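S.K.: Pasting a structure below so you can have a look.
Residue numbers (mature numbering (1 follows the signal peptide of the UniProt record, and there is no 0)): -18 to -1, 1 to 108.
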């Protein structure tokens, strides 16, 4: 009988001890849970949302692509309108500027003939 009483006493003490341990561990885990939850919320608040980040980056890429396409279209346009070489302004500039008018590709051989025929100095020397 005393053995059973001791055993019963030991078992009751053991169960009380386990309950105390469980209570204290739950209190500590509650404290730690609060700290961990606070830290997690703080970290999540400091981090940016990956979907939002991807959306902003995608918008940026599309905007840059549109700007590049617009620039390429502008580069494809001619700097001068079609037929600019027939405009009087262009031709008068070529005639007026001596450096441009007497270049190999722009020089008119008939101008030399006309110049020699009307030049009084060359006709005197002949």
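Ideal Cβ positions, reconstructed from N, Cα and C, are used throughout, including at glycine.
No experiment lies behind these values; they were computed from the predicted model shown.
(1) Any idea what DSSP makes of residue 35, helix, strand or coil?
(2) Residues in its own chain within less than 7 Å of residue 70 by CB, not counting five upstream and five downstream?
(3) So, helix, strand or coil for residue 61, using DSSP?
(4) Taking 7 Å as the limit between beta carbons, can you name the residues of its chain near residue 52, skipping five residues before and five after?
(5) How is residue 56 classed by DSSP in three states: helix, strand or coil?
(6) In this structure, how does DSSP classify residue 29 when only helix, strand and coil are distinguished?
M.R.: Concretely, from the data shown:
(1) In the three-state reduction of the DSSP assignment, residue 35 falls in the helix class, which pools H, G and I.
(2) Counting only Cβ-Cβ distances below 7 Å, and skipping sequence neighbours, we find nothing.
(3) The three-state secondary structure of residue 61, taken from DSSP, is coil.
(4) The same chain holds no residue with a CB closer than 7 Å to that of residue 52 once the five nearest residues on each side in sequence are set aside.
(5) Three-state DSSP puts residue 56 in a helix.
(6) Residue 29: coil per DSSP, three-state reduction.
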